[in-house]
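Here's the structure, in structure tokens; my notes come after.
Protein chains in written order, with UniProt numbering: chain A, 1 to 505; chain B, 1 to 505.
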């Protein structure tokens, strides 16, 4: 009689929830067992989990689970990109912008071309014959470097900030570059390589530039909207976390719907909104935004890795051993060569040089991850008949880099004695010195009539303080005020500690 | 050429996001305009927003937007229920459990029966002829009281804690009772009133008891799972907010899938997990859980109210003026009478009596809201042909109570001079006194050989401290330790403030 209670479709959310439950529990248990967590990166565990479940499902059912492109591009990628943009250290990023752009843009293009070249050179050895445009597309998606494993190692052993920001910044922009290039190339692949004329390549380049610029501009517009919304919602703080998490996502969706780069929009939004929202949100709301964003993005990444493990037992696999071998080798070597060449160029202009050990770690840290897998799953089987083989190869590349490089990078960093740095908070004196140093440099530049980076940075900071901050922030604070605040907070804290000491608490 | 960029379905999430954006901005602007926010409850604004958009959509398209039952029961209701359970003050709730159960269970049943009786008595005046079982079902769903408007007024003017906890606790359990009863009755309505025999009513009652108990038990199991998961995930704090928000939801889904009461499961889970997770989570993770839960539930409520406004311009409306008039009157009067009678019963046993003014406010605070609307939309048109008329009537009841009672309750509370209470943090002395008072009462009870509420509370607290806490918590703390911690924190803070004063900061 009461079966009518079951009146709605509870099975779909229950299935998804059961999955998520499994992932969460596996991660908790993984971190509980100190041995496993010390040797393997977390992504390795998640792939194995997916693998086991995939094996079981494979035996029990004949169904094939795979990552749907919509799920990846609309729901899993945006939180990961927002997280990366938001937690990028602004100051270090803009100081090293030149070097980072060199690695991310030139480096990625270098990687794509060399990998495509190597794969194309060995073409006669493969079972499949691939047109060059398909190889180029594949080289693009396989060039997306996943920094999670490397960064978690870096954070654990506190490498120097230069290395950290270079790897972080590179991987962030590298994702954006590969995704945008991927879309340009995949529409070219649909035309078919025999129909491509030189004009198409020119168009593709113009398109790439437009799509990137458009994405960044939309991102900037949404920085303003988010800042205004948080400024005005001071009376309804309960809405603020939603504004900060949801508006950047909206910028992503809008960008995508007008054919601009959503990933660049959301990264820009995350990167630029940080100073304004920290001024507009109360402490609790800000903590919520940061913490929840981290939780969300780590969850999205975990889901992608489990899908990757799952698909390892897919029935659609098509292996081409030589192709896989060449790809893995090309991925690893081109990365090393690219890093060496680009560092040589970058060091020519830099005062603080990037050392040899840092280069080795940067090269070695080129693990492939979630983005590669998401992109390869998005390929159109009609345009690229070899899709299944490319998916299989991508899985091989990811598994090899995650398991081999991922497990050995921590011992390697220790072995190579990469310069480390204690995560010290700057003292007030250091802050004052840095600031006055910057100001002095700007003064020197003004006297000798040069307009270097210090001049422009000072100009930008003045503009920000005089016009942007008062518009977008509730309580704009100047550099001097911040310093004074910090000073009085520090001295009060010091006194309190001394007091506690005296009372022997 | 590059239209291929638009490779996935971006429109659905974009549409939903645009909606959410509109809701967020409307709420921000509403709170910015002090005049509006002072007169109307927020729900009124949201209904008007839905109404305006509904009007525009109605003119532009011929489509009909309505709240799908799946959306309501699977995604919007659980966060609201979890929020209510989590933020219920445990201590006050268990101290006044008897009174609250009286209001929530007996009161709700009283309301249902009297409203159904009144509606049935005027049956000849309606255009529709309704079987009694349908009227009973309708009376059930219209008895779900929405506390949001009242509680927000209470929080603003700090009414005394007794009134606060009674209204909060009542509305929380009242939702659960109505939802469970609703399901029992709706399956009876499907059988059809002519086929119902007395046994069906007995079955319905047994079913009600089983479904409730089952839900509570599943909730308790998930309290343990959540506590264990947070205890073990100390090394991966990034997962903890997800565990605390997602596991209760899982308890809801599992309950529903085995035909138990999901709402009771999630409420139990939220209510009972609080002390354990606060011991297991670090401060930031805990803030994130609390803040995000509040944000989420307020968002879900807002969505329901907008849907309600939207549906006001639906083309499916069927009006029965007399029926609506009788229902509105019955809802308001039965509520008042019920509160009066039950308070009289409760006051017979209570030491701290519930005053007349408090009763008036409790009666007047019986606004109808999101739950009513969600439930009425879930009705099965095949079983209940009058569904459209019932939906229209429900919309009328909600709009009348929200706009009329919702806007007048704040002036009324001021006018009636309801006893208010400053939201003081208990001083250490007060805490010690309360605790030793409780202990003394338990001692007195032991001497005179009575086992009253103090005895059982002490027993339960001992059991919790000796067995449950060490199992479920990472660092269980006894009452005494908590007191000492608080004391040293207080004295350090006091010293710091004095210091700051002396320095004139």
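Note that beta-carbon positions come from the ideal geometry of N, C-alpha and C, so glycine has one too. All of these numbers come straight from a predicted model, not from anything done at the bench.
Measure the Cβ-Cβ separation of residue i and residue j and say whether it is below 9 angstroms.
i: residue 372(B); j: residue 144(B); result: yes
i: residue 141(B); j: residue 394(B); result: yes
i: residue 416(A); j: residue 376(A); result: no
i: residue 276(A); j: residue 51(A); result: no
i: residue 392(B); j: residue 324(B); result: yes
i: residue 17(B); j: residue 250(A); result: yes
i: residue 268(A); j: residue 219(A); result: yes
i: residue 174(A); j: residue 103(A); result: yes
i: residue 14(B); j: residue 254(A); result: yes
i: residue 320(A); j: residue 389(A); result: yes
i: residue 231(A); j: residue 291(B); result: no
i: residue 9(B); j: residue 88(A); result: no
i: residue 409(B); j: residue 150(B); result: yes
i: residue 334(B); j: residue 111(B); result: yes
i: residue 168(A); j: residue 84(A); result: yes
i: residue 263(A); j: residue 295(B); result: no
i: residue 180(A); j: residue 129(A); result: no
i: residue 265(B); j: residue 98(B); result: no
i: residue 153(B); j: residue 444(B); result: no
What's the C-alpha gap between residue i and residue j?
i: residue 54(B); j: residue 137(A); result: 46 angstroms
i: residue 217(A); j: residue 492(A); result: 44 angstroms
i: residue 282(B); j: residue 448(B); result: 44 angstroms
i: residue 470(A); j: residue 32(B); result: 18 angstroms
i: residue 96(B); j: residue 215(B); result: 22 angstroms
i: residue 245(B); j: residue 467(A); result: 41 angstroms
i: residue 241(B); j: residue 399(A); result: 30 angstroms
i: residue 357(A); j: residue 498(B); result: 53 angstroms
i: residue 354(B); j: residue 68(A); result: 59 angstroms
i: residue 309(A); j: residue 38(B); result: 55 angstroms
i: residue 30(A); j: residue 306(A); result: 14 angstroms
i: residue 23(B); j: residue 146(A); result: 36 angstroms
i: residue 78(B); j: residue 106(B); result: 24 angstroms
i: residue 396(B); j: residue 406(B); result: 14 angstroms
i: residue 339(B); j: residue 162(B); result: 15 angstroms
i: residue 204(A); j: residue 108(A); result: 16 angstroms
i: residue 278(A); j: residue 286(A); result: 7 angstroms
i: residue 350(B); j: residue 460(B); result: 22 angstroms
i: residue 482(B); j: residue 496(B); result: 21 angstroms
i: residue 368(B); j: residue 463(A); result: 52 angstroms
i: residue 192(A); j: residue 383(A); result: 7 angstroms
i: residue 440(B); j: residue 446(B); result: 10 angstroms
i: residue 158(A); j: residue 164(A); result: 9 angstroms
i: residue 364(A); j: residue 402(A); result: 11 angstroms
i: residue 455(A); j: residue 442(A); result: 5 angstroms
i: residue 133(B); j: residue 271(B); result: 34 angstroms
Under a three-way DSSP split, which group does residue i fall into?
i: residue 368(A); result: strand
i: residue 236(A); result: coil
i: residue 167(B); result: helix
i: residue 225(A); result: helix
i: residue 328(A); result: helix
i: residue 351(B); result: coil
i: residue 10(B); result: coil
Is residue i near the ligand MN, with its Cβ less than 8 angstroms from a heavy atom?
i: residue 367(A); result: In the structure shown, the ligand MN is absent, as is every other ligand, since no ligand is present at all.
Suppose only complete runs of 3+ residues qualify. What are the beta strand (DSSP E) ranges in the stretch 399-469 of chain B, listed by chain order?
none
Would you call the stretch 106-119 of chain A and the stretch 320-340 of chain A touching, i.e. three or more CB-CB distances under 8 angstroms?
yes
Let me know the alpha helix (DSSP H) ranges lying completely inside the stretch 77-127 of chain A, each 4 residues or longer, listed in chain order.
77-87, 90-95, 97-101 and 107-121
Counting only Cβ-Cβ distances shorter than 7 angstroms, please list the residues of the stretch 297-318 of chain A near chain E, keeping chain order.
Absence of chain E from the displayed structure is noted, the protein chains being A and B.
Taking only runs that begin and end inside the stretch 244-320 of chain A, name each unbroken beta strand (DSSP E) of 3 or more residues, in chain order.
none
Please list the segments of the alpha helix (DSSP H) lying wholly inside the stretch 32-73 of chain B, counting only runs of 4 or more residues, in order along the chain.
For the stretch 32-73 of chain B, the full-length alpha helix (DSSP H) segments reaching 4 residues or more read 34-39 and 42-60 along the chain.
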